[in-house]
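Peer 1: Dropping the structure in here first, questions after.
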Amino acid sequence: MNTPTTQAAIAAPPAFVGAPTALQTILIEPDRDTHQSASVDTVLAATAAPGTRAVIYMRLSSKGQVNTDYDHEGISIPAQRVSCQRKAEQLGLNIVAEYIEPGRSATEMTKRVTFQEMLERIRRDHDVDYVIVYKLSRFARNRIDDAVVMADLQKRGVELVSATESIDATPVGQLMHGILAAFNEYRSREDGADIAYRMSQKAKNGGALGRAPIGYLNVTDNTEGRKINTVAIDPQRAPFVKLAFELYAAGTNTFQDIADELTERGLTTRPTARRPAGPISDTKIQQMLRDRYYPGEIAYKDEIYKGRHEPLIETSLFDRVQTVLDTRGVAGERRR
C-alpha cells in the first residue's frame, strides 16, 4: 500500500527528522519542490517488499561551491530528486526515505549529519536494499571514504545506484565506480588548490576576503556593466569601531568595559541568516582590536598586504592599541 509523499515548510534546512523504526517516510526538504516529480510514491519501509526498498541521498551544494563544484550549476535538490525517482522507477524500486544534506562540503563525510544518519539507519533497521544518488560526486569525493562506506554497504547487502552513471555490481560497473571515485577526488583537490590560489591573489591585490568585519558592509559595485563584490564603510557602526580603538588606546579600559560602553551607546552586531543583531561581546572587541583590516591592510597566510578598502582608523592609532595589547600580554586573533 503506497502512502503519498508529504512535505513541510521550515525556516532553515534540517539535518535528520526522527521517526519510529521502519516508519520514516520522507525527510523534510530545505526548500519547496518546483520541478515536476516522476510518478513514484514514497512508501513505508515496513510495507515495501524486501529487495525493492531504496533511499535517495541528495546533497545541496553550499553557495560557495556553486561556482566551483564539479556540478557547476549546483544541481538543485528538485533536479536531483527527479533523476533519482526515475531511476527507481526504471529498476522497480520503492523509495522509503529521502535524505537531504543542506550545503555541506563533499570532502567532510564525517561532518555530513544526514549522511551519517542514513548509514546509521541502514545498520540499525536493516530495511534498505538500495541507496540512490544523482551522481557519485554527491556521495563521496575521497577514494578512501568511498571504499570504506561501499564495503560497509556491501556487507549489509545494500547496493549503491547512480541515477546518471553506470556503477552497478558488474565488473565493468565496479571498474567505472573506481575510475569515477578517483576522478572526483582529483577534481576536489584541484578545486581546493584553485580556490586557495585565487584567495591568495585576491589578498595580494588588496581585495576583501569573506564577510566584511563589523564597521564595514559587503556591497556590489556596478563598474562598466560588471558586478564587483567589494566593501564599504558602515555609517551606522563605523563610529563605534573607531571609539573602541580610542578607548583601549587610553590604557585604562578592559574589553568588557568597551563592550558595555558601546552596547549602552547602541552598537549591535550585524544580523545574519542564523543570528539576529545583538550586543557585541568582549571577545569580539578583543578580535577587533587585533584586526589589521581597520587601518587598511589585508592579512592572509602570515603576510600583510595593502588593502583597497578605506581605512577606518589611522595606522598610528592601531599601533598604539597593539602596544597596549602586547604590554598586557593579550594575543587576540588576527584576521586571515
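Heads up, the sequence shown is in numbering that gives the first Met the number 0, so the first residue is 0 and it goes up one at a time.
Just so it is clear, CB atoms sit at the ideal spot from N, CA and C, and this is done for glycine as well.
1) In terms of DSSP beta bridges, what is tyrosine 341 paired with?
2) Check arginine 52 in the structure and name its three-state DSSP category.
3) Give the single residue among Ala47, Asp256, Tyr56 and Gln79 whose Cα lies nearest to the Cα of glutamine 115.
4) Alpha carbon to alpha carbon, what distance is there between arginine 273 and arginine 58?
5) Tell me the rounded alpha-carbon separation between threonine 314 and alanine 249.
6) If contacts are defined as beta-carbon pairs under 8 Å, then tyrosine 133 and glutamine 84 qualify, I think. What distance do you get, rounded to the angstrom?
7) For valine 132, which beta-bridge partners are listed by DSSP?
8) In this structure, how does DSSP classify leucine 216 when only helix, strand and coil are distinguished?
9) By Cβ distance below 6 Å, which residues in the same chain neighbour threonine 262 in space, the five residues on each side in sequence not counted?
10) If distances are taken between C-alpha atoms only, which option among Ile94, Lys110, Val95 and Asn93 comes closest to proline 101?
11) What residues match up with alanine 298 in a beta bridge as DSSP calls it?
12) Just mark lysine 226 as buried or exposed, buried being the case when its beta carbon has 16 or more other beta carbons within 10 Å.
13) Quick check: the Cα distance between threonine 113 and methionine 149, rounded to an integer number of angstroms?
14) Please report the Cβ distance between asparagine 228 and asparagine 217, rounded to the nearest whole angstrom; I am assuming they are in contact, meaning their Cβ atoms lie under 8 Å.
15) For the beta strand (DSSP E) containing threonine 326, list its first residue and its last residue.
16) Give me the DSSP bridge partner(s) of asparagine 228.
17) Would DSSP call tyrosine 293 helix, strand or coil?
18) Over the uninterrupted alpha helix (DSSP H) stretch that includes glutamate 88, give me the two end residues.
19) Using 7 Å as the threshold, is the C-beta distance between valine 230 and histidine 308 below it?
20) Give every residue of the same chain whose Cβ lies closer than 8 Å to the Cβ of proline 212, excluding the five residues on either side of it in the sequence, and list them in chain order.
21) When DSSP labels each residue in this structure, what does glutamate 100 get in the three-state scheme?
22) Determine whether the beta carbon atoms of aspartate 167 and arginine 52 lie at a separation below 7 Å.
23) For the alpha helix (DSSP H) containing arginine 123, name the first residue and the last one.
24) For isoleucine 27, does the three-state DSSP call read helix, strand or coil?
25) Measure the beta-carbon distance from isoleucine 297 to phenylalanine 244 and round it to whole angstroms, keeping in mind my assumption that it falls under 8 Å.
26) Which first and last residues belong to the alpha helix (DSSP H) in which alanine 150 is found?
27) Look at the alpha carbon of serine 165 and the alpha carbon of valine 95, and state the distance between them as a whole number of angstroms.
28) If we ignore side chains and look at the alpha-carbon of each, how far apart do glycine 265 and aspartate 259 end up?
29) So the candidates are Ala180, Arg236, Pro234 and Val320; which of them puts its Cα closest to the Cα of serine 136?
30) Could you give the distance in angstroms between the alpha-carbon of arginine 186 and the alpha-carbon of glycine 156?
31) Looking at the unbroken alpha helix (DSSP H) that takes in threonine 262, where does it start and where does it end?
32) Buried or exposed: valine 171, going by 16 or more other Cβ atoms within 10 Å of its Cβ?
33) Just verifying my parser: in three-state terms, what is the DSSP assignment at glutamine 200?
34) Just to check my reading of the structure: proline 310 and glycine 295 have Cβ atoms closer than 8 Å, yes? What is that Cβ distance to the nearest angstrom?
Peer 2: Taking the coordinates as given:
1) This structure gives no information on residue 341, because the portion of the chain shown stretches from 0 to 335.
2) Three-state result, arginine 52: strand.
3) Tyr56
4) If I take the Cα positions, the gap works out to 20 Å.
5) Roughly 16 Å between the two C-alpha positions.
6) Contact annotation, tyrosine 133 with glutamine 84: C-beta distance approximately 11 Å; criterion of less than 8 Å not satisfied.
7) Tyr56 and Ser161
8) strand
9) Pro278
10) Lys110
11) Ile303
12) exposed
13) 17 Å
14) 7 Å
15) Element bounds for threonine 326: not the beta strand (DSSP E) but the alpha helix (DSSP H), 314-326.
16) Thr219
17) Annotated three-state conformation of tyrosine 293 is coil, per DSSP.
18) 76-90
19) yes
20) Met287, Asp290, Tyr292, Tyr293 and Arg334
21) Glutamate 100 carries a strand assignment under DSSP once its states are collapsed to helix, strand and coil.
22) no
23) Where arginine 123 is concerned, the enclosing alpha helix (DSSP H) stretches over 112-124.
24) Note that isoleucine 27 has pLDDT 34, beneath the 50 cutoff, so the model's placement of it is unreliable and the number below is only indicative. The answer is coil: DSSP assigns isoleucine 27 none of H, G, I, E or B.
25) Not a contact, Cβ separation roughly 18 Å.
26) 142-154
27) 23 Å
28) 10 Å
29) Ala180
30) Cα-Cα distance, rounded: 30 Å.
31) Residues 254-263.
32) Looking at its Cβ environment, which holds fewer than 16 other Cβ atoms inside 10 Å, valine 171 is exposed.
33) Helix.
34) 3 Å
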